[in-house]
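In the numbering used here, the protein residues as written are 1 to 362.
Cβ atoms here follow ideal geometry from the backbone N, Cα and C, with glycine treated the same way.
Given the structure is predicted, the values throughout are model-derived calculations rather than measurements.
As structure tokens, the structure follows; a few thoughts come after it.
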Amino acid sequence: MGHIRPLAEEDIPQVIDLHRRLLRNGQPFSAETESAYRTYFNEIFLRHPWSAEGLPSLVYQGDKGKIAGCLGVLPCRMSWKGKPIQVAMGHHFMVEPDSRSTMAALELLKTFLVGPQDLAMATEANNTSRKIWEGVGGRTSLLYSLRWTRALRPSRFVLSRLRTRPSLMPLAFAFSPFCLALDAVLARVPESHFRLSRPEATDEELTVEALFDGLRELSRRRGLSLMYDHRVLQWLFALLGQIKTPGSFQKVLVRNSDGKILGWYLYYLKPGGVSEVVQIGAPGKAMEEVLDHLFYHAWRGGSVAVSGQVDPFFMQDFLTKHCFLHGGSWTLVHSRDSGLLQTIDRGDIFLTRLEGEWTIGF
Numbered sequence: 001m002g003h004i005r006p007l008a009e010e011d012i013p014q015v016i017d018l019h020r021r022l023l024r025n026g027q028p029f030s031a032e033t034e035s036a037y038r039t040y041f042n043e044i045f046l047r048h049p050w051s052a053e054g055l056p057s058l059v060y061q062g063d064k065g066k067i068a069g070c071l072g073v074l075p076c077r078m079s080w081k082g083k084p085i086q087v088a089m090g091h092h093f094m095v096e097p098d099s100r101s102t103m104a105a106l107e108l109l110k111t112f113l114v115g116p117q118d119l120a121m122a123t124e125a126n127n128t129s130r131k132i133w134e135g136v137g138g139r140t141s142l143l144y145s146l147r148w149t150r151a152l153r154p155s156r157f158v159l160s161r162l163r164t165r166p167s168l169m170p171l172a173f174a175f176s177p178f179c180l181a182l183d184a185v186l187a188r189v190p191e192s193h194f195r196l197s198r199p200e201a202t203d204e205e206l207t208v209e210a211l212f213d214g215l216r217e218l219s220r221r222r223g224l225s226l227m228y229d230h231r232v233l234q235w236l237f238a239l240l241g242q243i244k245t246p247g248s249f250q251k252v253l254v255r256n257s258d259g260k261i262l263g264w265y266l267y268y269l270k271p272g273g274v275s276e277v278v279q280i281g282a283p284g285k286a287m288e289e290v291l292d293h294l295f296y297h298a299w300r301g302g303s304v305a306v307s308g309q310v311d312p313f314f315m316q317d318f319l320t321k322h323c324f325l326h327g328g329s330w331t332l333v334h335s336r337d338s339g340l341l342q343t344i345d346r347g348d349i350f351l352t353r354l355e356g357e358w359t360i361g362f
């Protein structure tokens with residue numbers, strides 16, 4: 001029979017192959033891509049700055065020594081009611097299709113959830129993972145599974161959605177000139193939500209030091225928040241800067257006309273597409289101004305829309321600024337402490353893509 005054990009460095013080639021077959025449709029890698037995968041997976045699974053004994057990533061090894069499943073574990077520290085707690089973020093949950101009958105997925109998840117952590121979480125989960133998670137005693141956080149999207153060029157945003165369906169590609173191509181003209185008109189109508197003016201706030205590049213100070217201030221207003229340090233933030237900045245597929249990584253600190261910091265945002269600018277927000281924060285009551293700056297920044301850069309994970313604390317600000325809310329992937333939680341779960345249920349945790357699997361996905 002197969003068994004669960006901690007992931008070791010020599011398992012990385014098999015984990016890469018599992019990822020290729022399950023998530024890349026079995027397409028062969030070039031030597032350059034193979035090397036990039038090896039470097040990246042070693043960094044994520046074995047050398048991240050939150051490494052901690054007792055919370056290793058897990059693999060399911062079959063009878064013949066083949067790795068048939070994997071569940072990455074990212075240890076991190078959070079503060080709850082002013083006290084540190086151990087948190088384990090699950091990621092890269094993968095199981096061979098022919099191994100599901102052996103309950104490999106169930107055994108991996110059960111082993112993960114009985115670990116020494118105070119709180120286990122997973123983001124970007126699909127429906128299958130959600131069902132298994134709930135089946136072993138976990139739950140889904142509906143609040144933190146919501147996403148917001150703000151259309152900037154609405155006609156072209158609709159076209160971008162049509163282009164994801166091959167059968168509608170000809171229609172999208174035919175309407176493209178009309179949509180370009182319509183967006184230009186909407187951007188000039190005085191009362192239009194799509195007329196974006198240059199904000200009064202100024203911007204500069206966000207540094208690790210400024211982000212650390214902002215997160216520390218913001219966390220004081222939340223019951224549960226991640227305990228970042230400079231080393232972790234530097235590691236994350238370097239990691240995010242390596243990722244090119246979503247667009248150009250932007251780190252922006254926003255100040256008012258008096259030089260006071262209003263907030264910040266981290267996002268991938270994608271001209272002609274949807275720009276994805278990794279994190280947006282406003283320690284005070286200036287989220288609307290920060291959103292205005294983000295939308296103008298992305299619009300000026302050619303994006304058709306901006307999208308990110310909902311922070312329930314700022315729900316009213318997102319709606320006031322004409323964002324629409326929708327589902328995406330699932331955020332899953334598990335804890336033996338009902339108080340921790342209640343804190344999450346009422347939206348009193350600062351949780352963004354910076355803390356989840358979206359950031360560390362290859």
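- The C-alpha of residue 9 lies about 59 Å from the C-alpha of residue 190.
- Within the same chain, and ignoring the five residues on either side of residue 261 in sequence, the residues whose Cβ sits closer than 6 Å to its Cβ are 255.
- Of 331, 73, 152 and 21, the smallest CA-CA separation from residue 97 is found for 21.
- DSSP lists 87 as the beta-bridge partner residues of residue 76.
- Straight across, the Cα-Cα distance linking residue 232 with residue 238 is about 10 Å.
- Using a 10 angstroms sphere on the CB of residue 335, the tally of other CB atoms reaches 16 or more, which defines it as buried.
- The residue among 123, 358, 36 and 119 with its C-alpha nearest the C-alpha of residue 268 is 358.
- Residue 48 carries a coil assignment under DSSP once its states are collapsed to helix, strand and coil.
- The beta carbon of residue 200 sits closer than 7 Å to the beta carbons of 257 from its chain, once the five residues preceding and following it are set aside; these are given in chain order.
- In the three-state DSSP reduction, residue 192 falls in the coil class, being neither helix nor strand.
- In the DSSP assignment, residue 146 falls outside any alpha helix (DSSP H) and within the unbroken beta strand (DSSP E) covering 146-151.
- Residue range 119-125 is occupied by the beta strand (DSSP E) that includes residue 119.
- Take residue 127, set aside five residues on each side of it, and the residues of its chain with a beta-carbon closer than 8 Å to its own are 330, in chain order.
- Counted as a single uninterrupted DSSP element, the stretch harbouring residue 317 is not any beta strand (DSSP E) but the alpha helix (DSSP H) occupying residues 315-320.
- Proximity to residue 50 across 4, 109 and 234 peaks at 234, based on C-alpha coordinates.
- Put simply, of 52, 344, 328 and 304 the residue whose alpha carbon is nearest the alpha carbon of residue 183 is 304.
- If you draw a straight line from the Cα of residue 211 to the Cα of residue 154, it comes to about 32 Å.
- According to the DSSP assignment, residue 6 belongs to the beta strand (DSSP E) that extends over 3-6.
- Taking 8 Å as the cut-off, the beta carbon of residue 86 is found no closer than this to the beta carbon of residue 56.
- Three or more Cβ pairs closer than 8 Å define a contact, and the region 278-295 meets that threshold against the region 201-221.
- By the neighbour-count criterion, in which a residue is buried when 16 or more other Cβ atoms sit within 10 angstroms of its Cβ, residue 6 is exposed.
- Cβ-Cβ separation between residue 317 and residue 291: approximately 6 Å, consistent with a contact (criterion under 8 Å).
- Distance check between residue 228 and each of 84, 45 and 2 places 84 closest, using alpha-carbon atoms only.
- In the three-state reduction of the DSSP assignment, residue 198 falls in the coil class, being assigned neither a helical nor a strand state.
- Restricting attention to beta strand (DSSP E) runs no shorter than 3 residues, the region 223-270 encloses them at 224-226, 248-255 and 261-269, ordered along the chain.
- Under the 8 Å Cβ criterion, the region 142-152 counts as touching the region 297-312, having at least three qualifying pairs.
- Beta bridge pairing from DSSP links residue 71 with 58.
- Nearest neighbour of residue 241 by Cα position, chosen from 360, 82 and 223, turns out to be 360.
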